[in-house]
Amino acid sequence: VKFHRVIARLDIKGPNLVKGVHLEGLRVLGKPEIFAESYYQNGADELFFQDTVASLYQRNNLLNIVTRTAENTFIPLTVGGGLRNISDIRNALRAGADKVAINTAGIHDPQLITDAARVYGSSTVVVAIEAIQQEDGQFFAYTENGRERTDVEVVSWAREVQERGAGEILLTSIDREGTGTGYDLNLIESVSKQVSIPVIAHGGAGNYQHMVDAVCKGGADAVASASMFHYGLIRQKGSHSYHDEEGNVDFLNLGSSYKKFGNDDIKT
Numbered sequence: 431v432k433f434h435r436v437i438a439r440l441d442i443k444g445p446n447l448v449k450g451v452h453l454e455g456l457r458v459l460g461k462p463e464i465f466a467e468s469y470y471q472n473g474a475d476e477l478f479f480q481d482t483v484a485s486l487y488q489r490n491n492l493l494n495i496v497t498r499t500a501e502n503t504f505i506p507l508t509v510g511g512g513l514r515n516i517s518d519i520r521n522a523l524r525a526g527a528d529k530v531a532i533n534t535a536g537i538h539d540p541q542l543i544t545d546a547a548r549v550y551g552s553s554t555v556v557v558a559i560e561a562i563q564q565e566d567g568q569f570f571a572y573t574e575n576g577r578e579r580t581d582v583e584v585v586s587w588a589r590e591v592q593e594r595g596a597g598e599i600l601l602t603s604i605d606r607e608g609t610g611t612g613y614d615l616n617l618i619e620s621v622s623k624q625v626s627i628p629v630i631a632h633g634g635a636g637n638y639q640h641m642v643d644a645v646c647k648g649g650a651d652a653v654a655s656a657s658m659f660h661y662g663l664i665r666q667k668g669s670h671s672y673h674d675e676e677g678n679v680d681f682l683n684l685g686s687s688y689k690k691f692g693n694d695d696i697k698t
């Protein structure tokens, strides 16, 4: 039985958890480590921290937050944003990350992906691909947290990062990100059919059925969401449910209760 992970993504700017639409218009929500701990307690399979400005300003402010989070959560934690070289990756792992996500630096210097996989193993290396669909229907990769377009076509890039040793792909539809209208199934399917490494769908989740569709129709191996979790924390009832052919997707349709943060932890 295949296990499909549910990953809580937290976008971070400075000391704050933020959320926007299409990776823009960021709104401060509160302290990321508080949200992360609640997601851990309420059944998330993994956490993903993304520094939204690290690549733009060539800095990484996440390390202290990563360390505080790792002390209180015991599920895999992936860190992305501003990882420009092996030294940056080493520092993130030493701070408590289990995996690192590479986007901008990997497109500028693909050898970084190869080197990171060689030094730390493929299971440690996630390549983040942020995609926008063009008028001709093709998807192209963007860097700097969705700010800069490249001439890199997404499907061919996905194949290349697999060849270079990436262990997973975090695939974000910038068109859908923050909208709650559902994942881009065409994007997910186009990539998942071309690679054998796990593809994590991100961008557009608004309800549980969207997650089921990403797995069952798009072929995603895992699903990630931010808004859906931030604005109403999921608390799963009981353990994961399993389906003979499709993995544990049935639990996404179970009734869920929601836990709210205290006023001190969330800005309204």
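With this note's numbering, letter number 12 in the sequence shown gets 442, and the count goes up by one each step, no holes. Cβ atoms here follow ideal geometry from the backbone N, Cα and C, with glycine treated the same way. This structure is a prediction, so every number in the text was calculated from the model and none was measured.
Kindly indicate the opening and closing residues of the beta strand (DSSP E) around residue i.
i       : result
Glu-501 : Looking at the DSSP string, Glu-501 is not in any beta strand (DSSP E), and its letter there is neither H nor E.
Ala-561 : 555-563
Ala-547 : Careful: Ala-547 lies outside any beta strand (DSSP E), inside the alpha helix (DSSP H) at 541-550.
Phe-433 : Neither: Phe-433 is in no beta strand (DSSP E) and is coded neither H nor E.
Tyr-572 : 569-573
Ala-588 : No beta strand (DSSP E) contains Ala-588, which is instead part of the alpha helix (DSSP H) from 584-593.
Ala-654 : 652-655
Could you work out which residue in the options is closest to residue i when comparing CA atoms only?
i       : options                               : result
Leu-617 : Leu-447, Glu-578 and Ile-562          : Ile-562
Leu-615 : Gln-624, Ala-650, Pro-628 and Gly-636 : Ala-650
His-434 : Gly-648, Ser-657 and Met-658          : Gly-648
Asn-637 : Tyr-613, Glu-565, Ile-464 and Val-621 : Tyr-613
Gly-510 : Asp-539, Val-557 and Val-549          : Val-557
Ser-620 : Ala-588, Gly-576 and Val-448          : Ala-588
Ile-437 : Ala-522, Val-555 and Leu-600          : Leu-600
Gly-460 : Leu-513, Gln-480 and Asn-446          : Asn-446
Tyr-470 : Asn-494, Val-458, Asp-441 and Ile-505 : Ile-505
Val-483 : Asp-441, Val-458, Leu-523 and Pro-462 : Asp-441
Lys-623 : Tyr-550, Ala-596, Gly-634 and Ser-586 : Ser-586
Ile-537 : Ala-525, Val-645 and Asp-581          : Asp-581
Leu-523 : Tyr-550, Arg-514 and Val-448          : Tyr-550
Gly-634 : Cys-646, Val-645 and Asp-605          : Asp-605
Ala-596 : Ile-630, Glu-574, Glu-501 and Phe-570 : Ile-630
Ala-525 : Ile-516, Glu-501 and Pro-540          : Glu-501
Helix, strand or coil for residue i? Go by DSSP, reduced to three states.
i       : result
Leu-493 : helix
Arg-579 : strand
Ile-599 : strand
Arg-520 : helix
Leu-440 : strand
Gln-624 : coil
Val-483 : coil
Glu-476 : strand
Leu-513 : coil
Ile-630 : strand
Asn-637 : coil
Ala-531 : strand
Return yes when the Cβ of residue j is within less than 7 Å of the Cβ of residue i, no when it is not.
i       : j       : result
Glu-583 : Gln-568 : yes
Thr-552 : Gly-608 : The identity of residue 552 in the sequence shown is Ser, whereas the question assumes Thr. No, the Cβ-Cβ distance between Ser-552 and Gly-608 is not below 7 Å.
Thr-508 : Ala-531 : yes
Arg-520 : Phe-478 : no
Ile-627 : Glu-593 : no
Ala-535 : Val-496 : no
Thr-602 : His-640 : no
Gly-576 : Glu-560 : yes
Thr-554 : Lys-529 : yes
Leu-493 : Asp-481 : no
Between which two residues does the alpha helix (DSSP H) harbouring residue i extend?
i       : result
Gly-536 : 534-538
Ile-464 : 462-471
Is there contact here, the stretch 466-483 with the stretch 540-548, by at least three beta-carbon pairs under 8 Å? Verdict: no, contact absent.
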